[in-house]
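These notes concern the structure reproduced below.
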Amino acid sequence: MLLILAAFALAPIVLPWLVRLLGARAFYAAAVLPIIAFADAALRGPEIISGGIPFEEYSWIPSLGISLSMRMDTLGWIMALIVTGVGALVMLYCRWYFRGKTEGVGQFAAVLLAFAGAMYGLVLTDDIVVLVMFWEITSVLSYLLIGYYHQRSASRRSALQALLVTTLGGLVMLIGVVLLVVDTGTSSLSTILALSPSGPVIEAALVLVLVGALSKSAIFPFHFWLPGAMSAPTPVSAYLHAAAMVKAGIYLIARFAPTFADDSVWRPVVISLGVFTMLLGGLQSLRERDLKRILAFGTVSQLGLLTVVLGFGTRDAALAGLAMLLGHALFKSCLFLIVGVIDRQLSTRDIDELSGLWRQAPVMAVASLVAIASMVGFIPTLGFVAKEGALTALLDASIAGSVWGLVALIGVLLGSTLTMAYGLRFLWGAFGTKRAVAPTEWPDPPLGFLAAPVVLAALSLVGGFAAPWLDVALTRYADTAPAAPAGLAAPEYAYHLALWHGLEPALFLSLGTLAAGALVFVAARALAWDTRRRVLPFTSADAYNGALRLIDRLSVVTTTFTQRGSLPIYVGTIFVVLVAAEGTAILSSPGWRTQLEAWQSPWQVLAAPFMIAAGIMAVRARKRYTGVVLVSVTGLGMVLLFATSGAPDLAITQVLIETVTLVAFALVLRRLPAQMGDHNASVAPVARAILAIGVGATMAMVAIIATGARIHDPVSVDWPELAYEIGHGRNVVNVALVDIRGWDTMGELSVLILAATGVASLVFVTDRRDNLQTLTSGLPSVPAGRGLRRPLVETIDGPRPQTGATPTPTRQRAWLLGGQRLRPENRSLLLEVIVRVLFHSIIVVSIYLLFAGHNLPGGGFAGGLVAGMALVMRYVAGGRYELGVAAPTDAGMLLGVGMTLAVACAIVPVFFGAAPLTSTYFAGEIPVIGHIEFVTSTIFDVGVYLVVIGLVLDVLRSLGAEVDRQAQPQSQRPREVRA
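Numbering (this note's numbering), first residue to last: 49 to 1027.
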């Protein structure tokens, strides 16, 4: 099972490539894995029926007791058969549904197969925390599937609606799961159910878990997302909304009901909402004219029925409910697939445009008839067997005195009546002959297109005759539930599934619902129920949209109140809170432990006056750039302090950061007035001065008290030894960044990427593509080769190798490829020569710092900054065109690859049974070079290196190249080829 789950995780990766190679026929390959999973589950059937429970486990997070555990009991077995069996048929159906289409099909196939894998894991996992993870994965993947037609606004809205509703329910369920795990002390689902915990905490947890289950299964008040999701391709509706995703909530209810149904909060919530959903969905189905929406609201009604029967929590109801669950997956998937065939062949699903299809498409008509017969509970289908069992179970509970049993029985009878009515409406709408509508011309579909719905319809029919075998197969699950609700007498005999039980009360109740449903259908047509006004002037979807609008308005009000658009107000608020909070804590302390020294090094006495003077002068500066330079002087003073305090890594990093920061400020300040006039002058300078003094005094007191409050040896005393033993390096700072505290570094990398993305989003208003590489389109390529390397000269056509055929050159040699694009007044020959000479040497130095940093001063961060400075030099000397030549690739690629390497260093050790970010090393002797060691955390450092270069490049392309382009008059811009 774990191996199959791993295959589901890996197989979707190759599907887009297969679709490009084979087209829609790639769905044959996609169906192979579900077929294998189905065969594996089927072969385990005899073992499960005899009482065995296959179990596989892989310890994932031992410290939290979380494991990838797969447990296939009867309920999990039936769900696995549904998920994989129907999934395989839907994959084969997609081969014909998407024939002739290519756009987005590869991604669709991959996501659909990944969704099948997520559902497979969800129904079999025995770890409730992992179950929540699979739960949310299905929500995200369903969002991608529902939004397949992303060009359509309706499709995007429906996908987002489904994601918000199901994800919100999942987050609420997560809280309930946490309560269960904390209360029981285990995350094993089977252990939690075996413990059968109780109490107020458990009741709260059950309600929260039910919120997640009800939202996933489209039970009122969360039912509206499912009809909206009908904008998805029909295979998605057939799989997700009939056999898989919506069944996740039903599965969870079925899993919890045998243990918790007698809890005081269970039946009131499950029965009342289930009955209401059943009736609401049935009534709305009679108003719809779109075949798919008829089935959608019918599915909502059927999900309400399943919630009531499986959630009732008695032995006979559980047996009938599980049979009903299987039957629903078969007949509803069949009907959705048939609608897909109609839609694909006729490009319409409107019942007012269809007439006489039963004559032209008899195979589809018969398959639909069988599926509808199973849905309404007509003999001899599986639906009849399950419906009769459910009515018997609820009738026995009602006779025994169960109030909720009586409510459930009445609800099921009314819901079954409506089911018959909208079942007839579907048959009449899809295949019936309508006098006012011309007969529909029907192009015969390929036989393969009809295979899946015909197989599903046949199984619905065969299931009725196989009732005795199903009874044996499902009894193991049913026996886990009590025979009757707590305090009530159990039925005299345990119920068994059978095609014929004789003339019993449940049979007559079932026949009554069929007759009443037929009358309701006739009455609805006679009264034109589908054209009448709604009872309420709004729908649940309207309420959802209204809630979203209210949230938007509240966010606007909140933002208007708190986000005034003034940076001084934001910073001032932070500083006021800092002074108030820390000052209160300091002043309220009963005593302070201080250890003051005038200085630890004479260099501090030298640096401090310059830093203080620079800070005062920066406040008084009237020019922006002057202020920035003076602030950088304080940073350079810190470089001196770090260097003289035994921290060369910090000194190197600080000086590089100061340089890059100064460059970034210079790029921004180009577009601002050089002088700060009265309009830009500081407001309330006295208040600002008081606040600044308060912040400085507060931080000074915090530093004094913190350094004097230590009563134990600092943890840093052991770090040199830990750095060598754990990280196999001598440079404590670098080993800490990439190994001991690697999680912190990974978080900082994420922040850097977000910052780069934010800067680019602010600057690239109309086009956010990275177009640095396109700037070189106008620059002629220079051929490389041992015999072709000649000096470059500037010609009227740009830089060219100097040959006899070269056009008349200018007097200037071409040192940079992009230099000639600059205006003459902006060029500096001396700078171009220096950059040309030093660029590659600086890159080599950056690489040296990268690989030497594990044992010597340096590391990926410092090396990346040095490489970034090399790019800065190219940009300053040659402008944005030269930056395009120098950039190894686009900034997003560097950021993505760097972060991927860092994440891989965290994930890969897990597959070898080690903790995330665990490093190892390899040592060996190499001829000539000698002894060499390689630590795997160096790969993490390479990721840091690439992210830093990507950040610098992103800043240069946005604040530099793009600002240059925007500042240049349109008439003077050269034509740039867009990729």
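Quick reminder that beta carbons are idealized off the backbone N, C-alpha and C, glycines included.
Residue j beta carbon less than 8 Å from that of residue i
{"i": "LEU1088", "j": "THR150", "result": "Residue coverage of the chain in this structure runs from 49 to 1027, which leaves residue 1088 outside it and unanswerable."}
{"i": "GLY297", "j": "GLY329", "result": "no"}
{"i": "THR362", "j": "ALA532", "result": "yes"}
{"i": "ALA242", "j": "PRO306", "result": "no"}
{"i": "VAL945", "j": "LEU994", "result": "yes"}
{"i": "VAL229", "j": "ILE176", "result": "yes"}
{"i": "VAL323", "j": "TRP273", "result": "no"}
{"i": "ALA456", "j": "LEU442", "result": "yes"}
{"i": "LEU210", "j": "VAL67", "result": "Looking at the sequence shown, residue 210 is not Leu but Ala. Contact: no."}
{"i": "SER381", "j": "SER279", "result": "no"}
{"i": "SER403", "j": "LYS482", "result": "yes"}
{"i": "VAL435", "j": "ALA377", "result": "Per the sequence presented here, residue 435 reads as Lys, with Val not at that position. In this structure, ALA377 does not lie closer than 8 Å to LYS435 by Cβ."}
{"i": "GLY471", "j": "ILE420", "result": "yes"}
{"i": "ARG672", "j": "ALA722", "result": "yes"}
{"i": "MET326", "j": "VAL356", "result": "yes"}
Presumed contact (8 Å Cβ cut-off) between residue i and residue j, rounded CB distance
{"i": "GLY477", "j": "ILE386", "result": "Incorrect: roughly 12 Å between the Cβ atoms, too far for contact."}
{"i": "MET127", "j": "ILE96", "result": "The Cβ separation is near 12 Å, so there is no contact."}
{"i": "ASP3", "j": "SER98", "result": "With the chain represented from 49 up to 1027, any question about residue 3 goes unanswered, as that position is not in the structure."}
{"i": "LEU140", "j": "PHE56", "result": "Their Cβ separation, rounded to whole angstroms, is 17 Å, which puts LEU140 and PHE56 out of contact at 8 Å."}
{"i": "LEU1004", "j": "VAL920", "result": "7 Å"}
{"i": "LEU710", "j": "VAL676", "result": "7 Å"}
{"i": "VAL460", "j": "ALA438", "result": "6 Å"}
{"i": "ALA500", "j": "LEU137", "result": "4 Å"}
Three-state secondary structure (DSSP) of residue i
{"i": "GLU981", "result": "strand"}
{"i": "MET749", "result": "helix"}
{"i": "THR856", "result": "For THR856, the predicted model reports a pLDDT of 49, less than 50, meaning its position is unreliable and no value from the coordinates is stated."}
{"i": "GLN723", "result": "strand"}
{"i": "THR1028", "result": "This structure leaves residue 1028 out entirely; the chain is present only between 49 and 1027."}
{"i": "ARG758", "result": "coil"}
{"i": "TYR541", "result": "coil"}
{"i": "LYS671", "result": "strand"}
{"i": "ARG834", "result": "Below a pLDDT of 50, predicted positions are generally treated as unreliable, and ARG834, at 48, falls in that range; the measurement from the model is reported next regardless. ARG834 falls in the coil class under three-state DSSP."}
{"i": "TRP517", "result": "helix"}
{"i": "PHE268", "result": "coil"}
{"i": "THR579", "result": "helix"}
{"i": "ALA656", "result": "helix"}
{"i": "ILE101", "result": "coil"}
{"i": "ILE427", "result": "coil"}
{"i": "TRP651", "result": "helix"}
{"i": "ASP121", "result": "coil"}
{"i": "ASP938", "result": "coil"}
{"i": "THR173", "result": "strand"}
{"i": "ASP88", "result": "helix"}
CA nearest to the CA of residue i, picked from the options
{"i": "ARG524", "options": "LEU258, GLY100, TYR196 and GLY940", "result": "GLY100"}
{"i": "ILE961", "options": "SER115, GLU489, GLY154 and LEU430", "result": "Ile is not the amino acid found at residue 961; the sequence shown has Gly there. For the residues SER115, GLU489, GLY154 and LEU430, the minimum Cα distance to GLY961 belongs to SER115."}
{"i": "LEU58", "options": "ARG73, ARG68, LEU140 and LEU81", "result": "LEU81"}
{"i": "ILE753", "options": "GLY93, LEU172, ALA633 and THR325", "result": "ALA633"}
{"i": "LEU454", "options": "THR966, ALA499, SER320 and VAL568", "result": "SER320"}
{"i": "ILE250", "options": "GLN199, VAL313 and SER263", "result": "VAL313"}
{"i": "ALA918", "options": "VAL134, LEU160, ALA935 and TYR929", "result": "ALA935"}
{"i": "GLY912", "options": "GLY927, ASN903 and TYR896", "result": "TYR896"}
{"i": "ILE130", "options": "LEU254, THR232, ALA277 and HIS289", "result": "HIS289"}
{"i": "TRP517", "options": "PHE86, GLY93 and LEU879", "result": "GLY93"}
{"i": "VAL679", "options": "VAL667, LEU688 and LEU689", "result": "VAL667"}
{"i": "LEU684", "options": "LYS671, ALA662, ARG672 and ALA669", "result": "ALA662"}
{"i": "GLY113", "options": "SER235, ASP310 and THR621", "result": "SER235"}
{"i": "PHE384", "options": "PHE308, GLY631 and TYR287", "result": "TYR287"}
{"i": "ALA534", "options": "VAL318, LEU123 and PHE360", "result": "PHE360"}
Residue i beta carbon near the ligand GDP (any heavy atom closer than 7 Å)
{"i": "MET118", "result": "As presented, the structure is devoid of all ligands, the ligand GDP included, so that no description of it is given."}
(Q) Three or more C-beta pairs under 8 Å: does that hold for the stretch 160 to 169 against the stretch 91 to 110? (A) no
Q) Are the stretch 946 to 954 and the stretch 981 to 989 in contact at 8 Å, needing three or more beta carbon pairs? A) yes
Q: Kindly confirm or deny that the stretch 503 to 522 and the stretch 438 to 457 touch, where touching means at least three C-beta pairs closer than 8 Å.
A: no
Q) Does the stretch 463 to 480 come within contact of the stretch 329 to 340, defined as at least 3 CB pairs closer than 8 Å? A) yes
Q. Do three or more CB pairs link the stretch 218 to 225 to the stretch 252 to 267 at distances below 8 Å?
A. yes
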